[in-house]
Amino acid sequence: MAELVALTVAAAAARIEAGEISRAEYAEAWHEAAGADALNAYLWRPDSPPDGIPVAVKDIFCVEGVPTTAGSRILEGYEPPYTATAVRKLAEAGFDNLGKTNMDEFAMGSSNENSAYGPALNPWDRSRVPGGSSGGSAAVVAGGLAPCAIGTDTGGSIRQPASLCGIVGLKPTYGAISRYGMIAFASSLDQCGPLTRDVTDAALLLGALQGRDPCDSTSIGLPEAPRPPEREDLGGLRFAVPAELSRDAIEPGVREVFEATLARIEELGGELAEAPLPHAEHGISAYYVIAPAEASSNLARYDGVRYGMRAESSGDVIEMYERTRAEGFGPEVKRRIMLGTYALSSGYYEAYYGQAQKVRTKIAGDFAAAFAEFDFVVTPTSPSVAFGLGEKTADPLAMYLNDFFTVPMSLAGIPAISIPAGLAEPPGGGPRLPVGFQIAAPAFGEQKLLDAAYALEQAIAFDAKPSGAPYARMDGTKRTGTGGQGDG
Amino acid sequence: MAGELSGILEHVDRIAELDLDEVPPTSHVVELENALRPDVPHESLDRDVALRQAPDPANGAFRAPSPQAEE
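Shown next, in the form of structure tokens:
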């Protein structure tokens, strides 16, 4: 069993294909591994092993007959009558559901602490958060409880937990993957994507997930099916570092790993230069108007009439709505609904929502200008390593600022990947924790993005993992790095 | 919660200072043309299935409290 769960998905699939291992044994090994969840990372697991390559599914994806809560009390016990396209496509590619993973309620959060079912824990240090909102999906992959997972990213919800848990997280171009059956948070930003141990597995899952879907009129798919990444150098590629990247706001340990990774890019033949992204700093402000505005509209459907919970009430229908929503939603969801309805209200619409949409235009324009000269834009994924449980819950704004580096790409709709780049000591000391490096590419530039991320991944040769995780970090043969950045 | 919301709005207010009068708003980032699917009839969700998740189904419909409370 230990040998089976040590394999990456691509390696396991190849060995199953070659008849060297049995698919059923592989699935059984993961079913058993997932059963040892001590991280509160799964909200639901099937009784029997998956019928296919196991994949953990964020609890925001509807699966027919399987409890789907989106981390909310208001959907406790809800069993959707249909299956999300992303999950259906994974099944068509030979995957099956290993379990539904914990998340911030309706994907609103950066720490998993907004889950109505308690936070998933970071496998590197259980007193710390795994990030969010796809915290459960990141924790199961990093903790050796799943070979791979899918999540959703609205402002960083795949990339930031991937960074905090030391794994790979990819947010594809908006429209690459169908949103049908994915419980809506902010529809113009939400995008499904993979969380995996390495870049090759991310490409594999992206290939299974992407495509136009008649059930989602905003889905487009990718221009061509992703190939396994294979680039070994970065020669001829130009990487932009945002000139406004405020290095002060970044933890020293994160900054150090970021600078070392930039040096690594140059060693691989990549060219580095600063590029202006003058409006990126307003990303958080624009995002925290646009996302709550869309959420306030999307969440109007939870009314206690058609599905989900209904609160006890003896009054009229309005009282029933109010009680249901007061009891069913957690504080962060209420906060966002209030922000959103305020930003959309008569008299404030232009000042907030209208202005935020214009900032969005400017941010997309900044990226377009950068991509006229550069192939990629790079930043740290998160300004910090995983923080302690409860550390930021009292200050919503401090929590929002976690998304500083990931939100601009979401607003621009472009693809971005986080790869583990090294370990850093948290402020205040303690065992070293993973640091993610974010690479962003032009819309539909996934193949180039994956190729570059792969080359960098091979050179970094990040070989650390949480203690006790039952997999070897490196099972590739082409890894050439020294692996000196990890000891975890 | 009022204090928290004020703090967030104060941060958000920074964008009010930007001069963006001539800038068109963006509501959707990827250009789409003729994204409608063909208008072909297909089977819809079975009524019983649709009602199965309702907190209070009755007579083949969703039941909700009256819009006017009883006196």
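Sequence lines, in order, name chains A and B. Following this note's numbering, the numbering of the first sequence begins with 1 at its first residue and continues without gaps. Following this note's numbering, the numbering of the second sequence begins with 1001 at its first residue and continues without gaps. Ideal Cβ placement from N, Cα and C applies to all residues, glycine included.
CB-CB length for residue i against residue j, believed under 8 Å
i      : j      : result
A/L411 : A/I363 : 5 Å
A/V129 : A/L164 : 7 Å
A/E446 : A/P194 : 11 Å between Cβ atoms; not a contact.
A/Q357 : A/I290 : 7 Å
A/T85  : A/S178 : 4 Å
A/A440 : A/V359 : Contact flag wrong, Cβ pair sits at about 18 Å.
A/P54  : A/L98  : 4 Å
A/D213 : A/Y180 : 6 Å
A/D366 : A/L277 : 5 Å
A/T200 : A/P228 : 6 Å
Short CB-CB distance (under 8 Å) between residue i and chain A
i       : result
B/A1061 : no
B/E1004 : yes
B/P1041 : no
B/R1037 : yes
B/S1066 : yes
B/S1027 : yes
B/R1047 : no
B/A1058 : no
CB contact below 8 Å: residue i versus chain B
i      : result
A/Q357 : yes
A/G155 : no
A/S285 : yes
A/T393 : no
A/D316 : yes
A/S110 : no
A/M409 : no
A/R479 : Note on A/R479: pLDDT 40, under 50, position unreliable in the model; the coordinate value appears next. Output row for A/R479: interface = no.
A/V305 : yes
A/L90  : no
A/K448 : no
A/R360 : yes
A/S133 : no
A/G193 : no
A/H31  : no
A/S313 : yes
A/A443 : yes
A/G175 : yes
A/L43  : no
A/G354 : yes
A/R238 : no
Residue i, buried or exposed, once every other Cβ within 10 Å from all chains shown has been counted against 16
i       : result
A/P223  : exposed
A/D375  : buried
A/I318  : exposed
A/D47   : exposed
A/G484  : At A/G484 the pLDDT is 35, less than 50, meaning the model places this residue with poor confidence and gives no usable figure here.
A/N112  : buried
A/G390  : exposed
B/H1073 : Any question about residue 1073 of chain B goes unanswered here, given that chain B covers just 1001 to 1071.
A/G131  : buried
A/V254  : buried
A/A2    : exposed
B/L1045 : exposed
A/G155  : buried
A/E230  : exposed
B/M1001 : exposed
A/G19   : exposed
A/S346  : exposed
Sequence-distant residues of its chain with Cβ nearer than 7 Å to residue i (five each side left out)
i      : result
A/G175 : T218, S219 and I220
A/G118 : N40
A/A343 : V289, P292, A293, Y352 and Y353
A/E425 : G253 and R432
A/M182 : I60, F61, A84, A86, T152, D190 and C192
A/H282 : V359
A/A265 : Reading the sequence as shown, one finds Ile at residue 265 of chain A and not Ala. Around A/I265: L234, F239, L272 and L456.
A/N298 : A184, F185 and S187
Close Cβ partners of residue i (< 6 Å) along its chain, the five nearest in sequence each way excluded
i      : result
A/S133 : M103, D104, A107, G109 and S157
A/T261 : A421 and F437
A/F258 : P380
A/D303 : Y321
A/E232 : A455
Residues near residue i by beta carbon distance below 8 Å, same chain, minus five either side
i      : result
A/R15  : L7 and I21
A/G52  : R23, A27, A91, G94, F95 and D96
A/K478 : Here A/K478 scores only 41 on pLDDT, less than 50, and its place in the model is too uncertain to base an answer on.
A/I337 : P292, A295, S296, L299 and F329
**OP:** With 8 Å as the limit, tell me which residues of the stretch 177-188 of chain A have their beta carbon closer than that to any beta carbon of chain B; keep them in chain order.
**Re:** If the cut-off is 8 Å between Cβ atoms, the stretch 177-188 of chain A has S188 near chain B.
**OP:** Please name the residues in the stretch 329-352 of chain A whose beta-carbon is closer than 9 Å to at least one beta-carbon of chain B, in chain order.
**Re:** Contact annotation: in the stretch 329-352 of chain A, residues whose CB is within less than 9 Å of a CB in chain B are P331, K334, R335, M338, L339, Y342, A343, A351 and Y352.
Original post:
Given a limit of 7 Å on CB to CB distance, which residues of the stretch 69-85 of chain A reach chain B?
Top reply: Of all residues in the stretch 69-85 of chain A, Y78, E79 and P81 have a Cβ within less than 7 Å of some Cβ in chain B.
**OP:** Identify each residue in the stretch 286-298 of chain A for which the Cβ-Cβ distance to at least one residue of chain B is less than 8 Å, and report them in chain order.
**Re:** Those would be A286, Y288 and V289, in chain order.
Subject >> Proximal residues, the stretch 216-228 of chain A versus chain B, C-beta separation under 7 Å >> reply: From the stretch 216-228 of chain A, only S217, T218 and I220 have a Cβ closer than 7 Å to chain B.
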